[in-house]
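Residue 447 in the numbering used here is what sits at position 22 of the sequence shown, and the numbering runs on without skipping anything.
Below is one structure, written out as structure tokens; comments come after it.
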Amino acid sequence: FFAAADFTVTGTASFTGVWHLFDGGRELTGSFQSDDATLNTLAFPQLDGSLIWTRDRFEVMDLTSGFYGGDLRLDYGMQPLGAPTPGAHTFDVEYTDVEITRLFEALEVEGVRPDGRASGATRLRWPMGEAEERQLEGSGQIRITPPDGTPLLARGAVNRPRPFTRYTETSFAPVDRPWEFPIGGEITFDVGPEWIELAPGRLATPLTTVSFEGRTAYGERSR
426 FFAAADFTVT GTASFTGVWH LFDGGRELTG SFQSDDATLN TLAFPQLDGS LIWTRDRFEV
486 MDLTSGFYGG DLRLDYGMQP LGAPTPGAHT FDVEYTDVEI TRLFEALEVE GVRPDGRASG
546 ATRLRWPMGE AEERQLEGSG QIRITPPDGT PLLARGAVNR PRPFTRYTET SFAPVDRPWE
606 FPIGGEITFD VGPEWIELAP GRLATPLTTV SFEGRTAYGE RSR
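See the structure below:
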């Protein structure tokens, strides 16, 4: 199934299940668990889930894991297998209270460290086969909560310039570490074969608020 994919998995896992062979078919069912699984260096501690594999479908169900200070739940499937018409992949993930700073550090994002916790969901579907990258469909929402007690600039508010008595030269990002700032807001999106659509959304810090919406066709065809 994944011969063309490039990924690395590490960790120690256990699997308990039943491998059933019968006239005209097969069925593998079971559950798996790992305390220290990683995928492409991303950590999935306390991973737990179950799967089923038959001649016409493969599904990973009720996968749960810790994820950078928060929690993650995921379902993944491929079906139908071996049918005259191409099957489809389905991917459904929900996450709560993920620490963005820790995730950005793991992804080695340079320059910035937004400080907040992200919760949301993403649902994707795409066909199996050669054209799968061009037929992605789905939707998602990300809600970001700032650190406790951090006030964010309200929508429509204006920060008036503060008087100063002398010019001070300030680096935008500290030299010895990435620039950190609290953030909150919401992003909602739809993904189609041609367009990514952004519904009206907002991101805010204590000093800045940005409202946005638009669409992009993966290049210059954007608004």
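We treat Cβ as the ideally placed atom computed from N, Cα and C, and that holds for glycine.
CA-to-CA distance, residue j to residue i, given in whole angstroms
{"i": "F589", "j": "P631", "result": "Unreliable placement is indicated for F589, whose pLDDT of 47 sits below 50; the coordinate value is still reported in the next sentence. Those two C-alpha atoms are separated by around 20 Å."}
{"i": "G536", "j": "G495", "result": "23 Å"}
{"i": "I525", "j": "W478", "result": "35 Å"}
{"i": "D487", "j": "A546", "result": "14 Å"}
{"i": "E519", "j": "S544", "result": "8 Å"}
{"i": "G512", "j": "G554", "result": "8 Å"}
{"i": "D620", "j": "R548", "result": "Before going further, note that residue 620 is Trp rather than Asp in the sequence given. Straight-line Cα distance between these residues: approximately 16 Å."}
{"i": "P571", "j": "E452", "result": "47 Å"}
{"i": "F432", "j": "G609", "result": "32 Å"}
{"i": "D460", "j": "T521", "result": "19 Å"}
{"i": "F427", "j": "P607", "result": "39 Å"}
{"i": "F637", "j": "R602", "result": "29 Å"}
{"i": "R646", "j": "L464", "result": "33 Å"}
{"i": "S490", "j": "P618", "result": "30 Å"}
{"i": "G395", "j": "I612", "result": "The chain is shown only over 426 to 648; residue 395 falls outside these bounds and no answer can be derived."}
{"i": "V485", "j": "A579", "result": "42 Å"}
{"i": "V444", "j": "F469", "result": "Note that residue 444 corresponds to Trp in the displayed sequence, not to Val. One C-alpha to the other measures close to 26 Å."}
{"i": "T466", "j": "L499", "result": "18 Å"}
{"i": "S456", "j": "T441", "result": "6 Å"}
{"i": "Y592", "j": "L472", "result": "Because Y592 sits at a pLDDT of 47, beneath the cut-off of 50, its placement in the model cannot be relied upon, and the following sentence gives the value as read from the coordinates. Approximately 53 Å between the Cα atoms of the pair."}
{"i": "A568", "j": "L628", "result": "Per the sequence presented here, residue 568 reads as Arg, with Ala not at that position. If you take the alpha carbons of R568 and L628, they lie about 10 Å apart."}
{"i": "Y643", "j": "G502", "result": "26 Å"}
{"i": "D615", "j": "E622", "result": "5 Å"}
{"i": "Q566", "j": "D448", "result": "45 Å"}
{"i": "G450", "j": "L497", "result": "33 Å"}
{"i": "R527", "j": "R538", "result": "9 Å"}
{"i": "E605", "j": "D540", "result": "6 Å"}
{"i": "Q458", "j": "R480", "result": "24 Å"}
{"i": "D517", "j": "R550", "result": "9 Å"}
{"i": "L476", "j": "L446", "result": "16 Å"}
Simplified DSSP assignment, three categories, for residue i
{"i": "E535", "result": "coil"}
{"i": "F426", "result": "coil"}
{"i": "F432", "result": "coil"}
{"i": "T510", "result": "coil"}
{"i": "T521", "result": "strand"}
{"i": "T466", "result": "coil"}
{"i": "Y592", "result": "Any reading at Y592 is ruled out, since the residue's pLDDT is 47, under 50, leaving its predicted position unreliable."}
Bridge partner(s) assigned by DSSP for residue i
{"i": "G495", "result": "F492"}
{"i": "Q471", "result": "BP columns for Q471 are empty, so no partner."}
{"i": "E562", "result": "R550"}
{"i": "F457", "result": "F440, G474"}
{"i": "T575", "result": "According to DSSP, which records beta bridges pairwise, T575 is partnered with nothing at all."}
{"i": "A446", "result": "A quick correction: the sequence has Leu, not Ala, at residue 446. Paired residue(s): R451."}
{"i": "F483", "result": "W478, M503"}
{"i": "G545", "result": "Y520, I567"}
{"i": "T515", "result": "G502, R550"}
For the pair the region 503 to 513 and the region 565 to 583, tell me if three or more CB-CB distances fall below 8 Å.
no
Could you tell me whether the region 522 to 541 touches the region 559 to 566, where touching means 3 or more Cβ pairs closer than 8 Å?
No, the region 522 to 541 is not in contact with the region 559 to 566.
Whole runs of the beta strand (DSSP E) within the region 600 to 645, excluding any shorter than 3 residues
DSSP runs (the beta strand (DSSP E)) wholly in the region 600 to 645: 604 to 607, 609 to 616, 621 to 629, 634 to 641.
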